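Trainee: For the record, in the sequence shown the residue sitting at position 52 is 52 according to my numbering, with numbers rising by one throughout. No residue lacks a Cβ here, since even glycine has one placed at the ideal position from N, Cα and C. Model, not experiment: these values are computed from the prediction. Next up is a structure, given as C-alpha cells.
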Amino acid sequence: MMEVLTPFGELKSRWEKLQKKLGHRNLDGALIMENADLFYFAGSVQNGFLFIPAEGEPLFLVRKDLERARRESSLPHIIPLDSTRNLLSLLQENGYSLKRVGLELDVISAKDFWHWQKILGPDLVDISREIKQVRSIKSPYEIQLLRETGRRNSLVYAGIQEVIKPGLKDFQLAAEMERLARYQGHLGLIRFRGLNQELFYGQVLVGPAGAIPTPYDTPLGGGGLSPYFPQSVSGAVIAPNQPISIDFTGNYLGYIVDQTRVFSIGPLPFPLQRAFQVSLEIQDMAVREGKPGKNAADIYQEACSLADQEGLAENFMGYRQPVSFIGHGVGLELNEMPVIARGFNLTLEEGMVFALEPKFVFPGLGAVGIENTFLVTPGGLERLSTGPDDLVEIPETS
C-alpha cells in the first residue's frame, strides 16, 4: 500500500492558521502532544512534542523514534529530546519564548497538566477549541484523501451483500466487513477524541439487539459481547425480516469517512420501512439546507420536526434516550467540528466535513437509518461516501 506523507506546504498552511489564533490570545506558542494533532501539524505521531510559536517555524522535539520522525515529517526543524525536563531549555536554546503557552487541555490529564506547570510555568492556557476550529476546515489535499476513503469504503459495502445469510452471527458478519476493509488498506484504527471514547471499526447490529442502548454518546449501540465493551456485536443471529444495520468507519489514509447502510433478508416490518424512508427525507432536507452560512442547530431542529411530524419523535436518535445530535465532524478523528446538534450555534463554512446520521430505534425490532459523509461546498453538500442509499432487501432462499 502507498505511504502518504503530508507535504510541507500543507503543514505550513496549518500551523500558520493556528498562529493567527495564538496571536489573538496573546500566547507565545502552543505545545502539541496529542496524536491526531501531532499528525495534523507535524505529519508524524512519533513520540514527541511539537512547539508552534506565535511567529516563526515550529520545532519538533522527538523522544522516539527520531529517524522515523525525520523520514515521515517534512518539518525542517526536528531534534532529539531525552527527557521532558530538558524541553524548556531546548526551546530557549532555539530562540523560543515560553511565558504563556497553549496546551490541548481537552485531552491532557490533570496529572500531566501539573507536570507541565512545573516545567513551563503556571500560565498555561487551553487551546483545544482553536485547534478544532483550524482542523474543521479541510484543505483540497485533505478532501482528496477523504474522497479516496469514501471510494474504498463503498467497495467494502458492495462486497458485504453476498455474505449476508440466515444463521450467520453478527460478529461473523463484522469479521467479513473488517476483512474486506483490510483488503482495501484500512489502517485498523478509528481515533475518537476524549476520555472513554471507544470504537472498533464501527457497529454491526442485527435484529432486536440493535435497539439495546449503550453508555456511549451514539444513537445506536448494541449489546456487545461483554460488559467490558458494551456495544456493537452481541452474538445475535441473522434471521429473515430483521434489520441488519452496518455503521462502518473507513480509515485508509488517516482520514475517516463514516457510513451506515441497512440490509434485510426479505422485507422488513412496515414501521421499520417507513422510518427508513423518513431518514432519507431528513437527509434530503439537510442536503438542501446545508450550505455555507446555515446554522448547524437549525438543521438539527428541522430534522427533529420532520421526525415529530411522522409520529417518530420518541424513536429518533435513540429510543427515549436520544442523543442531541444528528451529525458530527469527521477527519483525522471521528468526533470533530462541526456538530449538527441542539444548541450548537455554529455556522457552516466551505470545507467543513461531517457525517449525517438520522436513525430510528424500535425496541423489540431493531434500528434503521442512513449515514453519509458530506463536504460543505459553495453550492451545498457534496457526498463523499458513495454507493446507493437504498434499504437492501436480499431475497430469501428456499
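(1) Decide yes or no for the touch test of the stretch 107-115 against the stretch 56-73: beta carbon pairs closer than 8 angstroms, at least 3 of them.
(2) Whole angstroms are fine: how far does the CA of V62 sit from the CA of L27?
(3) Report the option in P122, G121 and S136 whose CA atom is closest to the CA atom of S128.
(4) Nearest to T373 by CA position, among G379, G364, L365 and G387, is which residue?
(5) Would you mind listing the alpha helix (DSSP H) stretches within the stretch 77-120 that are 4+ residues and don't spill past its ends, in chain order?
(6) Give the range of the beta strand (DSSP E) segment to which F60 is assigned.
(7) Which whole-angstrom value is the C-beta distance of L348 and P338, which I expect to be below 8 angstroms?
(8) Compute the distance between the beta-carbons of A209 and G222, then report whether it is under 8 angstroms.
(9) Report back the beta-carbon spacing between I244 and V262 to the nearest angstrom; my notes put them in contact at under 8 angstroms.
(10) Just verifying my parser: in three-state terms, what is the DSSP assignment at D308?
(11) So, using beta-carbon positions, are G48 and F60 closer together than 8 angstroms?
(12) Here's the rule: buried if 16 or more other CB atoms are within 10 angstroms of the residue's CB, otherwise exposed. What is H186?
(13) Quick check: the Cα distance between M1 and K169, rounded to an integer number of angstroms?
(14) In the stretch 221-285, which residue ranges form an unbroken beta strand (DSSP E) of at least 3 residues, counting only runs that do not cross its ends?
(15) Does the Cβ of Y183 have 16 or more other Cβ atoms within 10 Å, making it buried, or fewer, making it exposed?
(16) Alpha carbon to alpha carbon, how far is T84 from G351?
Mentor: This is what the structure gives:
(1) Taking a contact to require three or more Cβ pairs closer than 8 angstroms, the stretch 107-115 and the stretch 56-73 do not qualify as touching.
(2) For the purposes of this step, residue 27 is taken as the residue at position 27 of the sequence shown. For the purposes of this step, residue 62 is taken as the residue at position 62 of the sequence shown. Between the C-alpha atoms of L27 and V62 there is a straight-line separation of about 23 angstroms.
(3) As a working mapping, residue 128 is identified with position 128 in the sequence shown. With distances taken between Cα atoms, S128 lies closest to S136.
(4) Position 373 of the sequence shown, counted from the start, is the residue given in the question as residue 373. Answer by Cα proximity: G387.
(5) With a minimum length of 4 residues, the continuous alpha helix (DSSP H) runs that stay inside the stretch 77-120 are 87-93 and 110-120.
(6) Your numbering for residue 60 matches position 60 in the sequence shown. F60: member of the beta strand (DSSP E) spanning L59 to K64, first to last residue.
(7) Residue 348 sits at position 348 when you count from the first residue of the sequence shown. Residue 338 sits at position 338 when you count from the first residue of the sequence shown. That pair is a contact at about 6 angstroms.
(8) Locating residue 209 in the sequence shown gives position 209, counting from the first residue. Locating residue 222 in the sequence shown gives position 222, counting from the first residue. The Cβ atoms of A209 and G222 lie closer than 8 angstroms to each other.
(9) Here residue 244 is taken as the residue at index 244 of the sequence shown, counted from 1. Here residue 262 is taken as the residue at index 262 of the sequence shown, counted from 1. Right, the Cβ-Cβ distance comes to about 7 angstroms (below 8 angstroms), so this counts as a contact.
(10) The count along the sequence shown starts at 1 and reaches residue 308 at position 308. Residue state, collapsed to three classes: helix.
(11) Residue 48 sits at position 48 when you count from the first residue of the sequence shown. Residue 60 sits at position 60 when you count from the first residue of the sequence shown. Yes, these two residues count as a Cβ contact at 8 angstroms.
(12) Position 186 of the sequence shown, counted from the start, is the residue given in the question as residue 186. When all chains shown are included, H186 counts as buried.
(13) Residue numbering aside, residue 1 sits at position 1 when the sequence shown is read from its first letter. Residue numbering aside, residue 169 sits at position 169 when the sequence shown is read from its first letter. Low local confidence applies: a pLDDT of 49 at M1 is under 50, so the model's placement there is unreliable, with the coordinate-based value given in what follows. Straight-line Cα distance between these residues: approximately 31 angstroms.
(14) You should have 244-251 and 256-265.
(15) Mapped onto the sequence shown, residue 183 falls at position 183. Classified as exposed, Y183 has fewer than 16 neighbouring CB atoms from the shown chains inside 10 Å of its CB.
(16) Along the sequence shown, read from residue 1 onward, the residue named residue 84 stands at position 84. Along the sequence shown, read from residue 1 onward, the residue named residue 351 stands at position 351. For T84 and G351, the distance between alpha carbons rounds to 37 angstroms.
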